[in-house]
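Engineer:
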Amino acid sequence: MKMMIPIIIFMISCLLFSFSSSQPSMFDFCVADHTLPFGPAGYSCKNPLMVNVNDFSSSGILNAPNTDNIYKAGLSTAFVDAIPGLNGLGISLARVDVQPGGVVPLHTHPDATEVITMLRGNLTVGFISSNNTVYVKSIGTGDVFVIPRGLLHFQVNSGINLSVELSAFSSSNPNTQIVDEALFKSNLATKIITATTFINPIEVLRLKLLFKGSG
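If you count by mature numbering (1 follows the signal peptide of the UniProt record, and there is no 0), then the sequence shown holds residues -22 to -1, 1 to 193, one letter each, in order.
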């Protein structure tokens, strides 16, 4: 019987934790206080007496983003930096415009699932699972495509018209890491890139010059 006591205590603790974690927060919201640093848990809460309706809205996502870049793509975001009321809610939006021949290069969101809704045009979208299975599909206006959290994915506009998508994320401030930029815009040494990717060092140097990297 004595041996069962620690087990019973452990089970009760687990149940209490499960119950407490499933209950709604004692606060209705935690509007981001942008005067304080952003931390692992997000922003600190703004004084509720200082909160107003503008903390929960933004019209910036209506603006077409700049696509004059190497990717011929751009985005307008509705993240927590633009809408403080998103803090702690685990959701955000982005508008992504991709010109004909443009791409959203291979990248990942380590902390967020992404749901793509096509508003205009067509895109080839896809992701690569952890067992290296590739899932690719051409989507058009009104179609929805899901990118599981943390997986490498991409979008390509092979058509002749502008493509516009609305992406929803399961994070109020999703992180993004672009593979090309991680390799060639950083100061990672050419010899290390060559050794780990088997890319010819001449090509590595060309790409570092293109992306303005060093090393």
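From the three backbone atoms N, C-alpha and C, an ideal C-beta is built for every residue, glycine too.
For Q1 and D46, what's the separation of their Cα atoms in angstroms?
Structural biologist: Any reading at Q1 needs caution, since the residue's pLDDT is 41, under 50, leaving its predicted position unreliable; the model's value is listed next. Near 47 Å, if we compare the C-alpha coordinates of D46 and Q1.
Engineer: Find the nearest neighbour of T154 within the set T174, I177 and L130, judged by alpha-carbon distance.
Structural biologist: Among T174, I177 and L130, the Cα nearest to that of T154 belongs to L130.
Engineer: In three-state terms, what does DSSP make of V29?
Structural biologist: DSSP places V29 in coil when its eight states are reduced to three.
Engineer: V142 lies in the alpha helix (DSSP H); which residues open and close that run?
Structural biologist: V142 -> not in any alpha helix (DSSP H); beta strand (DSSP E) instead, spanning S141 to F147.
Engineer: Beta-carbon separation of A90 and F147 under 9 Å?
Structural biologist: In this structure, F147 lies closer than 9 Å to A90 by Cβ.
Engineer: Looking at the unbroken alpha helix (DSSP H) that takes in T175, where does it start and where does it end?
Structural biologist: T168 to T175 is the span of the alpha helix (DSSP H), which, as asked, contains T175.
Engineer: On the criterion of 16 or more Cβ atoms from any shown chain inside 10 Å, does A19 qualify as buried, or is it exposed?
Structural biologist: With fewer than 16 Cβ atoms within 10 Å of its Cβ, A19 is classed as exposed.
Engineer: Just reading off the beta strand (DSSP E) that A56 is part of, what are its end residues?
Structural biologist: Here the beta strand (DSSP E) through A56 covers A51 to A56.
Engineer: State the DSSP-derived secondary structure class of F132, mapped to helix, strand or coil.
Structural biologist: In the structure shown, F132 sits in a strand (DSSP, three-state: E or B).
Engineer: Are there three or more Cβ pairs, one per stretch, closer than 8 Å when the stretch 155 to 165 is compared with the stretch 184 to 193?
Structural biologist: Taking 8 Å as the limit for Cβ pairs, the verdict is that the stretch 184 to 193 does touch the stretch 155 to 165.
Engineer: Assign R73 to buried or exposed, taking buried as 16 or more other Cβ atoms, counted over all protein chains shown, within 10 Å of its Cβ.
Structural biologist: Buried, since its Cβ has 16 or more Cβ neighbours within 10 Å.
Engineer: For the candidate residues N100, V134, T111 and I39, whose alpha-carbon lies nearest to that of T119?
Structural biologist: Cα-wise, what sits closest to T119 is N100.
Engineer: State the Cα-Cα distance for the pair T168 and M28, rounded to the nearest angstrom.
Structural biologist: Answer to the nearest angstrom: the Cα atoms are 51 Å apart.
Engineer: Given that a residue counts as buried once 16 or more other Cβ atoms are within 10 Å of its Cβ, and exposed if not, what is S136?
Structural biologist: Answer is exposed; the Cβ neighbour count stays below 16.
Engineer: Shortest alpha-carbon distance to V142 belongs to which of T95, S36, D158 and L187?
Structural biologist: That would be T95, whose Cα lies nearest to the Cα of V142.
Engineer: Which residue marks the beginning of the alpha helix (DSSP H) containing I180, and which one marks its end?
Structural biologist: Looking at the DSSP string, the run of the alpha helix (DSSP H) that includes I180 is P179 to F189.
Engineer: Are the beta-carbon atoms of G68 and V134 separated by less than 9 Å?
Structural biologist: Contact: no.
Engineer: What is the rounded straight-line gap between the Cα of R184 and the Cα of F176?
Structural biologist: Near 15 Å, if we compare the C-alpha coordinates of F176 and R184.
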